[in-house]
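Numbering (this note's numbering), first residue to last: 551 to 814.
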Ligand SMILES: Cc1ncc(COP(=O)(O)O)c(C=O)c1O
């Protein structure tokens with residue numbers, strides 16, 4: 551890749567991470583729709599049609615050894631041009647790779663993860679899946695430096711999402727997640743989990759989560775394509791529920807595992 555690629559120089563690009571289970575894409579059309587939204591958000595024309603993306607990704611998978619669980623990472627940048635902030639008249643750069651994913655062991659899943667809340671230091675367009683992830687890098691490291699695994703981002707007193715995941719809490723039979731907007735990424739896993747809530751007896755509910763409500767939650771989950779559904783069992787040094795992944799998390803994980811194997 552030329553060093554003057556605007557992705558390298560400015561972080562001027564967007565990306566997607568698409569799960570592949572036993573060689574089959576999961577929610578590919580939804581990921582392509584979000585890619586389109588991200589491209590629109592940075593005013594970069596989509597270099598390919600949906601059919602062309604499908605063909606490209608199928609070829610990529612064919613050229614790589616199959617595995618039980620993989621992801622396709624794809625990024626589109628504003629191309630290679632002399633270093634100047636103004637949009638250049640050059641073709642975009644498309645880069646895609648396939649990676650094998652080691653699913654967390656049953657023991658790791660059963661332990662859950664530890665997290666702290668941190669002030670969200672990102673910009674005003676978090677709904678764009680931008681490759682510019684410096685705030686996320688710093689906030690994840692802040693969590694690691696504090697001896698925990700994850701950070702939950704708080705802005706204006708409301709808990710929004712994880713560093714690379716969406717946030718859910720369970721409370722009084724409701725599965726609550728903040729509504730979509732400019733302060734969080736509209737996660738594909740989030741939509742699937744919300745859609746499965748009623749199957750396991752929870753009422754899906756999109757509304758803001760004030761910090762106090764997060765701290766009083768029966769269960770806290772973080773969802774993403776890479777890590778699926780993780781239970782947060784310790785938050786800011788206090789246990790969540792009884793300090794182990796809760797019964798609703800176990801039900802949702804089982805439902806999600808079944809769903810991902812049957813539907814693309
Ligand atoms: C900031 C942020 N929120 C949420 C998510 C989860 O999105 P998805 O479920 O589509 O992977 C991600 C994924 O990387 C993310 O980076």
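Positions of the beta carbon are idealized from the N, C-alpha and C atoms, including for glycine.
Check: Residue 788, DSSP secondary structure in three states; Outcome: strand
Check: Residue 735 beta carbon near ligand 1 (any heavy atom closer than 6 Å); Outcome: yes
Check: Contacts around residue 707, its chain only, beta-carbon distance under 7 Å, and the 5 residues preceding and following it disregarded; Outcome: 760 and 761
Check: Cβ-heavy atom distance, residue 587 to ligand 1, below 6 Å; Outcome: no
Check: Straight-line Cα distance separating residue 658 from residue 631; Outcome: 45 Å
Check: Residue 563 in three-state terms, based on DSSP; Outcome: strand
Check: Nearest-angstrom Cα separation, counted from residue 769 out to residue 743; Outcome: 14 Å
Check: Residue 580 beta carbon near ligand 1 (any heavy atom closer than 6 Å); Outcome: no
Check: N-terminal and C-terminal residue of the alpha helix (DSSP H) that residue 657 is part of; Outcome: 656-661
Check: Where residue 614 falls: helix, strand or coil (DSSP); Outcome: coil
Check: Runs of alpha helix (DSSP H) wholly within the stretch 661-711 (minimum 4 residues, chain order); Outcome: 684-695
Check: In DSSP terms, what residue 571 is bridged to; Outcome: 574 and 619
Check: Any 3 or more C-beta pairs closer than 8 Å across the stretch 788-796 and the stretch 669-677; Outcome: no
Check: Residue from 599, 581 and 563 whose Cα sits closest to the Cα of residue 569; Outcome: 581
Check: Enclosing alpha helix (DSSP H) for residue 803 [first to last residue]; Outcome: 797-812
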